[in-house]
Every structure is written in structure tokens, then in C-alpha cells.
Amino acid sequence: MRKIKEFLIEKLILICGLASIFFVGLIFIFLLKEGLAVFKSVSAFAFLGGSKWYPISEPPQLGILPLILGSLVVTVGAAIISIPIGVGCAVYIAEIAPLKIKEVLKAGIELLAAIPSVVLGFIGMITLVPLVKKVFHLPTGLTALSGSIMLAFMAMPTIVSIAEDALYSVPKNYKEGAFALGATHWQTIYRVILPAASRGILAAIMLGIGRVIGETMAVMMITGNAAVIPKSILVPVRTLTATIAAEMGEAVVGSEHYFALFAIGIVLFVISFAINVTADLCLHERI
Amino acid sequence: MVKISATKLNIWFGETSVLRNINIEIYANEILSIIGPSNSGKTTFLRMLNRLNDLTPSFKMQGEVMFEDTDIRKINVELLRKKIGMVFALPLPLPLSIFDNVAYGLRMHGERNRKRIREKVKQALTQGYLWDEVKDRLPESAFKLSGGQQQRLCIARTLAVEPDVILFDEPCSGLDPISTAKVEEAMLKLKKEYTIVLVTNNVKQAARVGDRTAFFLSGELVELDKTEKIFTAPSDRRTDDYIRGKFG
Numbered sequence: 213m214r215k216i217k218e219f220l221i222e223k224l225i226l227i228c229g230l231a232s233i234f235f236v237g238l239i240f241i242f243l244l245k246e247g248l249a250v251f252k253s254v255s256a257f258a259f260l261g262g263s264k265w266y267p268i269s270e271p272p273q274l275g276i277l278p279l280i281l282g283s284l285v286v287t288v289g290a291a292i293i294s295i296p297i298g299v300g301c302a303v304y305i306a307e308i309a310p311l312k313i314k315e316v317l318k319a320g321i322e323l324l325a326a327i328p329s330v331v332l333g334f335i336g337m338i339t340l341v342p343l344v345k346k347v348f349h350l351p352t353g354l355t356a357l358s359g360s361i362m363l364a365f366m367a368m369p370t371i372v373s374i375a376e377d378a379l380y381s382v383p384k385n386y387k388e389g390a391f392a393l394g395a396t397h398w399q400t401i402y403r404v405i406l407p408a409a410s411r412g413i414l415a416a417i418m419l420g421i422g423r424v425i426g427e428t429m430a431v432m433m434i435t436g437n438a439a440v441i442p443k444s445i446l447v448p449v450r451t452l453t454a455t456i457a458a459e460m461g462e463a464v465v466g467s468e469h470y471f472a473l474f475a476i477g478i479v480l481f482v483i484s485f486a487i488n489v490t491a492d493l494c495l496h497e498r499i
Numbered sequence: 093m094v095k096i097s098a099t100k101l102n103i104w105f106g107e108t109s110v111l112r113n114i115n116i117e118i119y120a121n122e123i124l125s126i127i128g129p130s131n132s133g134k135t136t137f138l139r140m141l142n143r144l145n146d147l148t149p150s151f152k153m154q155g156e157v158m159f160e161d162t163d164i165r166k167i168n169v170e171l172l173r174k175k176i177g178m179v180f181a182l183p184l185p186l187p188l189s190i191f192d193n194v195a196y197g198l199r200m201h202g203e204r205n206r207k208r209i210r211e212k213v214k215q216a217l218t219q220g221y222l223w224d225e226v227k228d229r230l231p232e233s234a235f236k237l238s239g240g241q242q243q244r245l246c247i248a249r250t251l252a253v254e255p256d257v258i259l260f261d262e263p264c265s266g267l268d269p270i271s272t273a274k275v276e277e278a279m280l281k282l283k284k285e286y287t288i289v290l291v292t293n294n295v296k297q298a299a300r301v302g303d304r305t306a307f308f309l310s311g312e313l314v315e316l317d318k319t320e321k322i323f324t325a326p327s328d329r330r331t332d333d334y335i336r337g338k339f340g
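In order, the protein sequence lines correspond to chains A and B.
Read left to right, the first sequence gives residues 213 to 499 (this note's numbering).
Read left to right, the second sequence gives residues 93 to 340 (this note's numbering).
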């Protein structure tokens with residue numbers, strides 16, 4: 213009886229374990245099946261490198277280069293803002309802050325992570341967009357810059373909490389060793405603790421960026437959604453994610469447009485996958 | 093010459109009293125061994141000397157500790173730690189190459205001249221009895237060295253910043269007898285130029301290298317005398333019991 217119970221529980225857990233892989237596999241297969249169909253009408257080269265996205269013109273022009281560049285501009289902008297602030301914040305929390313401030317900050321960061329993206333987007337639309345418009349004297353505040361700033365807020369909790377973990381797990385002895393040699397606090401942080409935690413921090417950055425690339429709602433609300441190749445960060449752009457979200461409802465099932473949106477999904481999947489794998493490698497190759 | 097003196101020293105961590113009324117003078121160019129069972133406060137005493145205890149928020153101290161006639165709390169803490177170096181129980185190289193581990197302290201204290209750095213690294217590694225074993229593999233990671241070599245690397249790292257006093261906190265607790273012998277040999281040579289304070293759980297080690305030996309018990313200094321005296325005719329019964337292994 214005990215043996216049967218043992219056997220059943222073991223298998224049940226096995227199924228739970230396999231389920232996640234199974235569903236990921238299914239999703240990927242579905243994406244491929246729907247998405248690859250678009251390459252019957254456009255070549256992969258024209259799809260990825262084409263500069264015109266007019267999916268409902270006759271014949272449809274399906275070049276996603278403007279969308280890729282849109283995502284890229286917004287992501288790079290968000291990274292430039294969130295990485296220094298995020299890592300700095302993590303260093304402060306892990307190394308400098310007194311216990312009480314540390315707890316308050318950590319709670320604040322978690323709260324920031326808990327704000328739904330649509331709410332952030334809404335707040336951004338009301339406050340940030342007019343500000344950007346005013347500061348840069350633009351015809352519209354719905355720009356890549358607005359999106360970058362908003363997304364930086366979303367990437368920050370991920371970056372801060374994972375980087376803080378990495379910094380915190382640096383052996384205390386390294387710190388004492390450096391102090392015992394007469395290092396100042398900053399010299400210890402800069403020369404010993406940061407290098408020792410570098411892989412974890414890199415992983416934190418990658419996961420933060422992963423979150424930015426996959427983000428849809430807030431981006432759609434405040435980047436202006438113009439599918440043109442961006443010439444600066446002060447113009448409206450459209451990202452890969454926003455394109456899918458905005459057009460999926462209208463695309464006729466089985467049309468080229470429909471297949472193209474799935475193909476965008478594949479592109480996104482590949483990008484996120486690459487980022488997560490890189491982050492994973494960073495985390496696990498720790499010596 | 094008195095290098096360091098502690099007068100009426102009391103230390104607490106939070107509410108717990110760790111050291112009570114300690115009076116010690118440490119002479120220049122001697123090896124002072126501190127023995128005693130665990131929890132007797134010997135490591136706390138050692139870490140107080142270069143103010144590493146300050147990193148613990150609950151640390152409180154009372155009394156006077158003078159380093160060369162200046163109160164250690166009045167000396168710039170980085171300068172104090174440069175003058176009073178420390179070697180820890182576990183050999184803990186920094187995650188850098190062998191060369192950079194030794195050069196680290198130099199660079200931190202502002203040395204930029206590459207040639208001088210190279211010379212000082214060589215000198216420190218030679219003093220730490222490690223140069224011959226590592227001279228061909230300086231760019232390798234310090235983690236590739238054996239435990240004993242790592243400990244001597246840590247000694248060299250401490251020597252490189254040219255301290256006056258070196259604190260050893262159970263430096264051989266994780267080492268095999270041969271590595272231990274090498275570290276002890278290094279210590280005996282080093283006392284010509286440095287003052288050494290050695291905390292050890294190994295009573296025999298104290299007998300081998302110490303000029304004087306102090307016996308700590310539950311936060312009090314029971315006895316401090318010439319090593320031969322402590323090990324042949326201690327004046328306190330408890331010292332005798334501990335050395336003979338009756339407790340601890």
C-alpha cells in the first residue's frame with residue numbers, strides 16, 4: 213500500500229514537472245505553425261528588413277523593421293535610465309542603507325513591481341506625456357522617450373531586487389578582507405563587492421530588459437504607435453508587442469496580416485528567449 | 093617598547109558582555125599568543141585592535157586602547173587598518189588573480205607606478221614564503237592555489253601595505269601540518285620587523301611561536317606571561333587546566 217502511494221505521488225509530481233515544459237512546447241509549436249505561414253508570401257529577409265508596415269493595404273506590405281527599431285529604441289532608452297539607477301539603488305540597499313531605511317526601500321520596490329502596467333501607463337499618459345511635450349516643445353508627447361522613462365520604472369524592481377540579492381550574497385569575508393587592508397567603504401564596494409557580484413548584476417539587468425521588451429500595455433498607451441522608422445527618441449514609435457496587441461483583434465483569421473502578427477510573436481519569443489538564456493548563463497556560471 | 097596598550101577595556105555586543113576589564117600591553121617585535129576556549133573573547137579582542145568590530149552595529153566598547161600613544165578611535169580608521177593588518181582564520185583571497193590580490197592594497201592606498209607595484213608584490217610574496225611557488229603563475233586566479241598557499245597569499249597581501257602590526261586570527265585552523273609549519277616559520281621571521289598578535293586554538297602552536305602568551309577565559313584575561321612560564325609553571329590553576337586539556 214505504501215509503495216503504491218509512493219509510486220502515485222512520484223508520478224503525479226513528475227507530471228506537474230513535465231506540464232510546464234509541455235505547454236511551452238505546445239505554445240511554441242502553435243506560434244511556429246501560424247507564424248511561418250507568412251513566409252509563403254514574403255521572404256524572411258523582406259519581412260525582417262522591410263521598412264513599410266501596411267498590413268491592410270492591397271497587396272499588404274509586411275516589413276517589421278520599423279517595429280523592431282521601435283522596440284529597440286524604447287528598450288535601449290529604458291536600459292540607459294534604469295540600469296544606473298537600479299544598480300545604484302541595489303548597492304545602497306545592500307551595502308549602505310541603515311536597517312530601517314533598507315526595509316522601507318525594499319517594500320517600496322516591491323510595491324513598484326506590484327503596480328499593474330496599465331495603471332502605470334495611465335499615470336504616464338496623464339503626467340509624463342504632457343511634460344515631455346512641454347519640455348522638448350514637441351507636437352506630441354507620445355514619444356519613444358516617454359515610453360523609455362515609463363518602462364524604466366517597470367524594469368527597476370526586477371533589476372534592484374535581483375542585483376541586491378547578488379550583492380548581498382557576496383561572502384562577508386571579502387568585505388572584511390578588504391576593510392582589513394585599509395580600504396574605504398567605497399573602495400570595498402567598487403573593487404571587491406561589485407566585481408564579485410558582477411554576474412548576478414548582469415543577470416538582473418538582462419531580466420529587467422527582458423521585462424521591458426515584453427511589456428505591452430503601458431508602451432501602447434504612451435509611445436504614439438506610429439509604425440515608421442524612428443529618427444530620434446522624440447518621435448512616436450511602435451513596438452513589436454504593441455503591434456500584436458493593437459491589431460490582433462482586427463486581423464482576419466487566416467489572412468497574411470494574421471500570420472504576420474504570429475511571426476512577430478516568434479521574433480519576440482526568440483528575443484526574450486535569448487535574453488533569458490543569457491541571464492541564466494550569467495547566474496549559473498558563477499565560480 | 094609598548095606598541096599597543098589596552099586599559100580597562102570592556103566590550104559588549106548589544107546587552108552581552110564579551111570582554112571585561114582587560115589590561116594588556118603588546119610590545120614591539122614580539123609574538124603575543126592569545127589562547128583560550130571558544131567564546132572567551134579572543135577574536136573580539138583581536139578585531140577590536142583594527143576596529144573591524146565597528147562593522148557590527150551592536151558593538152559597544154569602553155576603556156582606552158592606545159596604538160603608539162594615540163587612542164585608536166582617534167586615528168583615521170583606514171590608516172589604522174593599514175598599520176594594523178589582519179590575517180583571517182579561513183584563507184580568503186579576493187576574487188582576483190594572484191598578482192592582483194597582493195597589488196590590491198597597494199593600488200588602494202594610491203600607488204600607481206607599475207614598476208614599484210611589481211617590486212612590492214614580489215617582496216611581499218617573498219616575505220610570505222610564496223614567491224618561489226607562484227612566480228610563474230601570477231596571472232592565474234588565486235582560487236587555484238592550495239589552502240596553505242592561499243593563507244600565505246593572504247599574509248603577503250597584508251604585508252604588501254607595510255603594516256606595523258599583524259593580527260593573526262587562528263591562521264592555521266584550516267591547514268595541514270606542513271602548511272602550518274610554513275606559516276609559523278613565516279611568522280617567526282616576520283617578528284623581526286613586525287609586531288604580531290596571534291589568536292590560536294592550538295595550544296601547542298602558542299608554545300612553539302609565542303614570546304608571551306595570554307590566556308582568556310569567558311571574557312576575562314586570566315594570565316599573561318612569558319610563554320615558557322605559562323607552559324611550565326602558570327600561576328593560575330585555570331590556565332594549567334586548560335593547557336593540560338582538562339576543559340575547553
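Positions of the beta carbon are idealized from the N, C-alpha and C atoms, including for glycine.
Suppose only complete runs of 4+ residues qualify. What are the alpha helix (DSSP H) ranges in the stretch 327-363 of chain A, listed by chain order?
Complete alpha helix (DSSP H) runs here, min 4: 329-335, 341-348.
Applying the criterion that 16 or more other CB atoms from any shown protein chain within 10 Å of the CB defines a buried residue, is Lys215(A) buried or exposed?
exposed
Ile190(B) vs Arg229(B) beta-carbon contact at 8 Å
yes
Residue span of the alpha helix (DSSP H) that contains Gly240(B), given as start and end
239-252
Would Glu156(B) and Thr99(B) be called neighbours here (beta carbons separated by less than 8 Å)?
yes
Which bits of chain B does Tyr211(A) rub up against, with CB to CB less than 8 Å?
Residue 211(A) is absent from the model: chain A starts at 213 and stops at 499.
Have a look at Leu281(A) and Ser294(A) and give me their C-alpha separation to the nearest angstrom.
Near 19 Å, if we compare the C-alpha coordinates of Ser294(A) and Leu281(A).
Limits of the alpha helix (DSSP H) - the one that Gly197(B) falls within
From DSSP, the alpha helix (DSSP H) with Gly197(B) extends over 190-200.
Using a Cβ-Cβ cut-off of less than 9 Å, give me the residues of the stretch 252-282 of chain B that come near chain A, in sequence order.
Ala252, Val253, Pro255, Leu259
Residues that Ala408(A) contacts on chain B, provided the C-beta gap is smaller than 9 Å
Leu186, Pro187
Burial state of Leu224(A), where buried means 16 or more other Cβ atoms lie within 10 Å
Burial state of Leu224(A) is exposed, judged by a 10 Å Cβ sphere holding fewer than 16 other Cβ atoms.
Could you give the residue range of the beta strand (DSSP E) that holds Phe151(B)?
Residues 151-159.
Just to confirm the assignment: which complete alpha helix (DSSP H) runs, minimum length 4, are found wholly within the stretch 407-461 of chain A?
Those alpha helix (DSSP H) runs which fall completely within the stretch 407-461 of chain A and span 4+ residues are 410-426, 429-434, 452-459.
For the stretch 258-273 of chain A against the stretch 324-338 of chain A, are there 3 or more C-beta pairs whose distance is under 8 Å?
no
From which residue to which residue does the beta strand (DSSP E) around Ala98(B) run?
94-105
Among Asn113(B), Arg199(B), Phe105(B), Asn121(B), which has the Cα closest to the Cα of Asp256(B)?
Asn121(B)
Any beta-carbon of chain A closer than 8 Å to the one on Leu144(B)?
yes
So, are the CB atoms of Ala367(A) and Ile421(A) less than 8 Å apart?
yes
Identify, in the order they occur along the chain, each residue of the same chain with its Cβ nearer than 8 Å to the Cβ of Gln297(B), setting aside the five sequence neighbours on each side.
Ser125, Cys264, Thr272, Glu276, Leu290
Could you tell me the boundaries of the beta strand (DSSP E) in which Tyr119(B) lies?
Tyr119(B) -> beta strand (DSSP E) spans 108-119.
Which of helix, strand or coil does DSSP assign to Glu277(B)?
helix
For a contact defined as C-beta to C-beta under 7 Å, what are the partners of Ala392(A) on chain B?
Asn142, Leu144, Arg173, Gly177, Met178
Is Arg498(A) helix, strand or coil when you go by DSSP?
Bear in mind that the predicted position of Arg498(A) carries a pLDDT of just 49, short of 50, making it unreliable; the figure below should be weighed with that in mind. In the structure shown, Arg498(A) sits in coil (DSSP, three-state: anything other than H, G, I, E or B).
Exposed unless 16 or more other CB atoms sit within 10 angstroms - verdict on Gln242(B)
Taking all protein chains in view, the Cβ of Gln242(B) is crowded by 16 or more other Cβ atoms within 10 Å, so the residue is classified as buried.
Just to make sure I have the definition right: I need the residues of chain B whose C-beta is within less than 9 Å of the C-beta of Gln273(A). Which are they?
Within chain B, no residue comes near Gln273(A); the closest Cβ sits about 53 Å away, beyond 9 Å.
Cβ of Gln128(B) less than 8 Å from any chain A Cβ?
The sequence given here has Gly at residue 128(B), not Gln. No - not a single Cβ of chain A is within 8 Å of the one on Gly128(B).
Assign His349(A) to one of two classes, buried (16 or more other C-beta atoms within 10 Å of its C-beta) or exposed (fewer than that).
exposed
What residues from the stretch 403-427 of chain A come within 9 Å of chain B, judged by C-beta to C-beta, listed N to C?
Arg403, Val404, Pro407, Ala408
Do the stretch 229-240 of chain B and the stretch 422-430 of chain A meet, that is, are 3 or more Cβ pairs less than 8 Å apart?
no
Span separating the alpha-carbon of Tyr386(A) from that of Glu376(A):
16 Å
Would you say Ala195(B) and Leu222(B) are within 8 Å of each other, going by their C-beta atoms?
Taking 8 Å as the cut-off, the beta carbon of Ala195(B) is found no closer than this to the beta carbon of Leu222(B).
Would you list the residues sitting across from Lys318(B) in a DSSP beta bridge?
Arg304(B)
Measure from the C-beta of Gly240(B) to each C-beta in chain A and report whether the shortest distance is under 8 Å.
no
Where does Arg210(B) land, buried or exposed, given buried means 16+ other C-beta within 10 angstroms?
Residue environment analysis places Arg210(B) among the exposed positions, since fewer than 16 neighbouring C-beta atoms fall within 10 angstroms of its C-beta.
For a test of the three-state rule: what should DSSP assign to Thr324(B), helix, strand or coil?
helix
Which residues in chain B sit within 9 Å of Gly389(A), going by Cβ to Cβ distance?
Met178, Phe180, Leu184, Pro185, Leu186, Cys246, Arg249
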